[in-house]
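Here is the structure we will look at.
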Amino acid sequence: MVPGDLKEGRIVIVGASLAGLRAAEALREEGFTGSLTVVGDEPHPPYDRPPLSKQVLLGQATAETTGLPMRREPDAEWRLGVAATGVDLLAKRVLLADGESLPYDRLLIATGTRARPWPNPAEAALDGVFTLRTREDAAGLAERLDARPERVLVIGGGFTGSEIASACRELGLEVTVAERGPAPLVGALGGTLSKLAAVMQRNHGVDLRTGVTVTTLRGNGGFTGAELSDGSRVDAEVCVVALGAIRNVEWLADSGLAAGPRGIACDAGCRAFNMYGIVTDDVFVAGDVSRFPHPLFGYQMLSLEHWGNAVEQAEVAAHNMVNPGPLQRPHLSIPTFWSTQFGLNIKSVGVPTYSDHIVIAQGSLEARRLAMVYGYQGRVTAAVTVDMAKALDYYRHLIETAAPFPPPPGAQDRAIAADIPIPSLVPDPSGLSHGPTVALTGHLPDRRLTVV
Amino acid sequence: MLESEGGGTAEDVVEMRTVVDLTRCQGYAQCVFLAPEVFELHGEEGLLYATAVPDDQAERVRQAAAACPVQAILLGEEVSSGAR
Amino acid sequence: MDSATLLARITDYASRPNPYPLYAELREAGPVVQQADGSYLIGTYHEIAALLHDPRMSADPRTRGEVAHKPPFLRLDDPEHHRLRTLAMRPFGPPHSPRRVDSMRGEIDRITRELLQSFEAGRQIDIVDDFAYPLPVTVICRLLGVPREDEPLFRAWSDALVAAADVRPEDDSAEEDKAGDQARMEMGGYLVNLAEQRRGDPGDDMLSAFVNEPDPALRLTQEELAETAVLLLIAGHETTVNLITNGSLTLLRHPEQLDRLRREPELLPRAVEELLRYEPPVHMRGRVPHADIDVAGTEIPQHASVILALASGNRDPMRFDEPDRFDPARPDNQHLGFGSGIHLCYGGPLARIEAQAALGALLPHLGGASLVEDPPPYRQNAMLRGPRHLPIQL
């Protein structure tokens, strides 16, 4: 095949959210002139999800206005409101729920994740019980919060749960957070910062219950409260189930692709593996649904639920879909995410859970302003800043260059304890209500760090 | 949107959308200075913004996008709901 | 030529009209080029950007024992820098005063129109004295609450302070430093006195806000107030004048881009960013490493003098396509015109609004205008580089 051919033909993208849109735009930027079809199971054009747990709940934006602006017109056919139900790799066709099938020359899978539902369907169906992933979820929850419920119960102290609790407090609503682990955010940030997160929640008036699970959601038609594993009961009118995400891979069960609960495995060039571990030439993966190897983290397969990863991986996938092998690029960007809650801006670079020790390199917990550096076996693997985002580039560079841990001395506002590493205390995720938004899905020799 | 007789849409003015790449954002807040009706600091450096940009704020948001030291602000139209 | 003389050649007044070939030589010899006086000169974009974000780099001249008094926040390190900058920001910008700068747009437009009233076709005017200097001076006086008629007084202080703060090799500037110290004391005293007059009787200005802060934890000491007010008054008019003047000069040198901006005024915000890249008001910043650091394979020892040539980084072909081309529509323009990291220019948003208003209003007058002298006469200062006068024929 001459290289020029890759700029033509038929490309189908399954998934019409952030990764799908940015991939479509990037394909055109890369010079793809063929036909482009984007399939999405939601009826909406691509929209942005981070504002749903922040601005939308606070009433500063409505859920309908979260449509993502285009970087350029991708000149695509949008098949919205119809789910893909399968793919025939041999015939090179995507099967749709409406019975139609779409032929492709190259396929990009970007079906993302959905909210993990409350496990008891009858309880989950109670009026007032929500998850938060879609525009409809956010609109419904915002409407309930606007009606001033007596109390909101948030199940799960991960980023989404914590942001919802923060929004509730800002709205002046009483809120209880129930988390099975020892503290909020512990699965993503480890022990020390999770203690800060717990203090921030309590200082802001959150009724934080840790080390407990919610056993039963009560109500007769409408949610009225929940029973906890410690025998206590929380009376509330609204319940938000924030138990993490499930990857949308079921539609690929019979495809022969390496798709499982942790996502679809692909190589560093975003090419999907099939179930035998053989890489495909014409099926690519991007965004939350992918799991990909990263050389900085022992070539373990990473699953990221990060906005920035969706954008960057989509761009790499698009580039590789229309360029021949020697011109293809690897997806090597360092995982990065952010969260704004209780007035603090938390930013992370690297993989905090890939760590054995931490140091507070700048600032202090007392000042609520700090840079924490994570190390694994003597090298820097992650950093988290609290209201110190301008320092993050420096630590990103340390991660990229596999700099020794603890980081070099000399920081201007260096903490007194900067030379004293303490254990990072990353717990086994199976003991948490929330999952990390970055997961190592391989195994470390000395510990278990898998999520399913 | 309703198709009008002339073939155009009932609403000719398309409301603009904005999104900030908060992965890149370092909290310089230049956008808040230049378009305070659209961008807001939450705490010392957390950024919140109105996703829908009213017409009378579009010029200010364009200024904010140009001024962003990490070029993280995108202003544009969403994929039209009448997409094929 | 010997790359160890680059700083001497850049700061030589003869280089003022066009230091850019020397910056190219610096990047070629770099990234890190040690100078004859022992300082380290850096002119490549990525190294400068990394050092501006490196917490080991001190902006405080006391790190090298150069001055004894506590400098303003521009030249302090965290956490003290953060505390003072945050306090100084309270009456000026977000999160406490997010609308202050935006609310000055109308007044800036009015001042601009007034200044342009005398710009009649056929006249010769000086862009600096007739336009680019009076606008930011009037604005910063209004903002701080300083009487405009005191301008001759603080202009002399400002000149002395800016001369003392300039970058030069073999810093043998004892006389300038002494004059600068004297000016700093007098100007600080003058501003504190003005502020004290507003105690209990506040106006809508920043000096009033500083002295009437009700929370003792958020109040500046008298020394801090003096240093901060001096910094804001000087920075508020010494840099914007260069931005507007350099902008006028650049547009007159690029008539096709001038025409384009007249046709597409919506490009103006991006054009101002491109000016900040192409002809920035601040060319260099000094830093001092708190520890031995490695920059692109060169070891820079603790407490060495490091000079970051921001204007050179802005022309680095490793970062910008065709860096020597002035392109008002340039995409991905992450320039260093206002620095980067924790010391990113405090007054940048105000400077942007002033430059947009000034250049936008000036555009119709520049169509038929021509430069009387090219290059124009420059100010002595190498760090804050800009024309002393810019005579043009309308």
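Residue numbers (our numbering), protein chains in the order written: chain A, 1 to 452; chain B, 453 to 536; chain C, 537 to 930.
Built from N, CA and C at the ideal position, the CB exists for glycine as well.
For clarity, every value in this text was computed on a predicted model and none was experimentally measured.
Between M723/C and L679/C, the C-beta spacing is not below 9 Å. By the Cβ rule, the segment 560-579 of chain C does not count as touching the segment 732-739 of chain C, because fewer than three pairs are nearer than 8 Å. Close CB contacts of A167/A within its chain, under the 8 Å cut and outside five residues either way in sequence, are with S53, K54, L57, L58 and L145 (chain order). Taking a C-beta distance under 9 Å as the contact criterion, T475/B and W307/A qualify as a contact pair.
Contacts with chain C (Cβ-Cβ distance below 9 Å) from the segment 417-428 of chain A involve no residue at all.
Going by beta carbons, D910/C and R789/C fall inside the 9 Å limit. Per DSSP, reduced to three states, the secondary structure at W118/A is coil, with no helix or strand assignment.
A check of alpha carbon separations from V316/A across N274/A, M275/A and D267/A identifies D267/A as the nearest. Among the CB atoms of chain A, none fall inside 9 Å of the CB of G725/C.
Boundaries for V322/A: no alpha helix (DSSP H) harbours it, and the DSSP string shows neither H nor E there. Inside the segment 772-833 of chain C, DSSP marks whole beta strand (DSSP E) runs of 3 or more residues at positions 821-825 and 829-831, from first to last along the chain.
With a cutoff of 9 Å on beta-carbon distance, E760/C and L610/C are scored as not near each other. Along the length of the segment 838-893 of chain C, whole beta strand (DSSP E) runs at least 3 residues long occupy 842-844, reported in chain order. For R414/A, the beta-bridge partners assigned by DSSP are Q362/A. Residues of chain C whose Cβ lies closer than 8 Å to the Cβ of V522/B are, in chain order, Q870. With contacts defined as CB atoms closer than 9 Å, H434/A and G187/A qualify as a contacting pair. M742/C carries a helical assignment under DSSP once its states are collapsed to helix, strand and coil.
By the beta-carbon neighbour count (other beta carbons within 10 angstroms, threshold 16), G15/A is buried. Excluding five sequence positions before and after R169/A, the CB atoms of its chain that fall closer than 8 Å to its own CB belong to V175, H204, G205, V206 and F342, given in chain order. Checking the DSSP bridge columns, you'll see L895/C has no partner listed. For V505/B against L526/B, the beta-carbon gap comes to about 11 Å, at or over 8 Å, which does not count as contact. Where L189/A is concerned, the enclosing alpha helix (DSSP H) starts and stops at V186 to L189. By the criterion of a C-beta distance shorter than 6 Å, K347/A is surrounded in its chain by W338, T385, A389 and L392, once the five residues flanking it on both sides are discounted.
Between the segment 824-836 of chain C and the segment 769-782 of chain C there are fewer than three inter-stretch CB-CB distances shorter than 8 Å, so the stretches are not counted as touching.
Close to G375/A, with beta-carbon spacing below 7 Å, lies no residue of chain C; the smallest spacing is near 17 Å. For the 9 Å CB-CB criterion, R209/A and V234/A form a contact. At a cut-off of 9 Å between beta-carbon atoms, K54/A makes contact with chain B.
In this chain, Q377/A is not harboured by any beta strand (DSSP E), its DSSP state being neither H nor E. For Q929/C, the enclosing beta strand (DSSP E) stretches over residues P927 to Q929. Residue burial annotation: H44/A is buried, with at least 16 other C-beta atoms found within 10 angstroms of its C-beta. Considering only L21/A, F32/A, A383/A and A19/A, the residue with the shortest C-alpha distance to R10/A is F32/A.
Beta bridge pairing from DSSP links A84/A with L96/A. If you draw a straight line from the Cα of P750/C to the Cα of T111/A, it is about 54 Å long.
Contacts with chain B at 9 Å (Cβ-Cβ) include D638/C.
When Y104/A, E163/A and Y376/A are compared, the shortest CA-CA separation from I422/A is found for Y376/A.
Counting along the chain, P670/C sits inside the alpha helix (DSSP H) bounded by residues P670 to L680.
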